[in-house]
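Chemist: My structure is below; once you've seen it, I'll send some questions.
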Amino acid sequence: MSTAKSGLPAHVAIIMDGNGRWARRRAMPRYLGHRQGVKALKTAVRYASRRGIGTLTVYAFSTENWRRPKEEVDFLLDLMYKTFVQEIEELRREGVRIRLIGERTSLSPDVLAIWDNAEKVTAENTGLNLNVAFNYGGRTELTRAVRELVGQAARGEISVEDITEEALARQLYTWPSPDPDLIIRTGGEYRLSNFLLWQAAYSELYVTEVLWPDFGEREFEEALQDYLRRERRFGQVPQKEQNS
Ligand code: FPP
């Protein structure tokens with residue numbers, strides 16, 4: 028679903044990869060790459076807002092990221108916490124509506140409180156919908172959704188026939204966001220890394236070698252322009268061949 032007039036994507040999702048490499052290339056510790064990554068994230072949020080994108084979903088911390096060295100995990104948790112504390116007021120003023128998508132388990136009460144606060148103070152905003160995927164994993168999300176529906180069926184609240192694609196989509200963290208039209212991955216790798224597995228079914232994928240901290244307005248616009256050149260068919264034949 029594109030934004031009606033501009034043809035721009037209604038929902039852009041970003042896999043923000045390459046912070047570590049950005050730092051290594053400058054002989055800096057990895058954590059400085061993450062800190063620089065937050066600056067790029069701020070730029071991306073403002074640019075998405077300015078371009079009239081309805082929803083931006085960013086992959087900030089995956090369920091697999093717990094396997095990183097403890098110091099790096101602690102740094103990322105702390106960075107997320109501090110960024111929310113520092114930025115929330117400005118985001119609220121800019122009309123951004125924040126939603127945290129991911130597992131609440133394994134997170135400290137402080138982090139959960141900052142999530143809840145960010146969602147609460149921006150709940151009435153009508154500008155950009157910003158979904159921050161933190162402690163997020165696509166398979167975990169799907170397993171949770173299936174469990175919920177099976178539980179409802181077992182309790183007799185719904186019938187097995189009620190388990191439709193829409194019913195499942197409604198159980199996902201991203202509901203009611205539309206599926207992403209465009210998924211951008213920085214850092215040059217061609218994989219989804221357990222991100223939005225269900226929602227990505229028909230997304231256009233855009234991979235750039237640019238490392239996340241270097242992804243600025245120009246790079247974002249290039250991705251949008253690339254998207255505008257794509258022909259989305261959703262499994263159908265091209266428009267011009269329909270009567271031939
Ligand atoms: C991937 O780079 C990036 C991450 C695992 C973290 C992304 C997080 C941020 C940009 C900040 C999050 C902050 C908030 C407020 C949500 P990598 O470390 O895997 O890089 P590499 O592939 O070069 O090693």
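Under the working numbering, the first residue of the sequence shown carries the number 28, and numbering increases by one thereafter.
All C-beta atoms in this analysis are idealised placements derived from N, C-alpha and C, irrespective of residue type, glycine included.
In this text, all values refer to a predicted model and were calculated from it rather than measured experimentally.
#1: DSSP three-state call for S33: helix, strand or coil?
#2: Check the C-beta distance from D137 over to Y108 and give it rounded, since I have them as a contact under 8 Å.
#3: State the Cα-Cα distance for the pair E116 and P207, rounded to the nearest angstrom.
#4: In three-state DSSP terms, what is Y163?
#5: Counting C-beta neighbours from all protein chains within 10 Å, is the total for E246 16 or more, i.e. buried, or is it exposed?
#6: Return the CA-CA distance between A71 and L127, expressed in angstroms with no decimal places.
#7: In whole angstroms, what is the alpha-carbon distance linking A194 and T90?
#8: Alpha carbon to alpha carbon, what distance is there between H38 and I80?
#9: Drop a sphere of 10 angstroms on the beta-carbon of M43, count the other beta-carbons inside from all chains shown, and report buried for 16 or more, exposed for fewer.
Modeler: Reading off the structure:
#1: Locating residue 33 in the sequence shown gives position 6, counting from the first residue. If DSSP states are grouped into helix, strand and coil, S33 belongs with coil.
#2: If you number the sequence shown from 1, residue 137 lands on position 110. If you number the sequence shown from 1, residue 108 lands on position 81. Indeed they touch by this definition, with Cβ atoms about 7 Å apart.
#3: Position 89 of the sequence shown, counting from 1, holds the residue named residue 116. Position 180 of the sequence shown, counting from 1, holds the residue named residue 207. Looking at the two C-alpha atoms, the distance is approximately 27 Å.
#4: Working through the sequence shown from its first residue, we reach residue 163 at position 136. The answer is strand: DSSP assigns Y163 an E or B state.
#5: One-based indexing of the sequence shown puts residue 246 at position 219. When all chains shown are included, E246 counts as buried.
#6: On the sequence shown, residue 71 is found 44 positions in, with the first residue counted as 1. On the sequence shown, residue 127 is found 100 positions in, with the first residue counted as 1. Per the coordinates, the alpha-carbon of A71 lies some 17 Å from the alpha-carbon of L127.
#7: The residue labelled residue 194 in the question sits at position 167 within the sequence shown. The residue labelled residue 90 in the question sits at position 63 within the sequence shown. The alpha-carbon separation between A194 and T90 amounts to approximately 24 Å.
#8: In the sequence shown, the residue the question calls residue 80 occupies position 53. In the sequence shown, the residue the question calls residue 38 occupies position 11. Straight-line Cα distance between these residues: approximately 6 Å.
#9: Taking the first residue of the sequence shown as 1, we reach residue 43 at position 16. M43 should be labelled buried.
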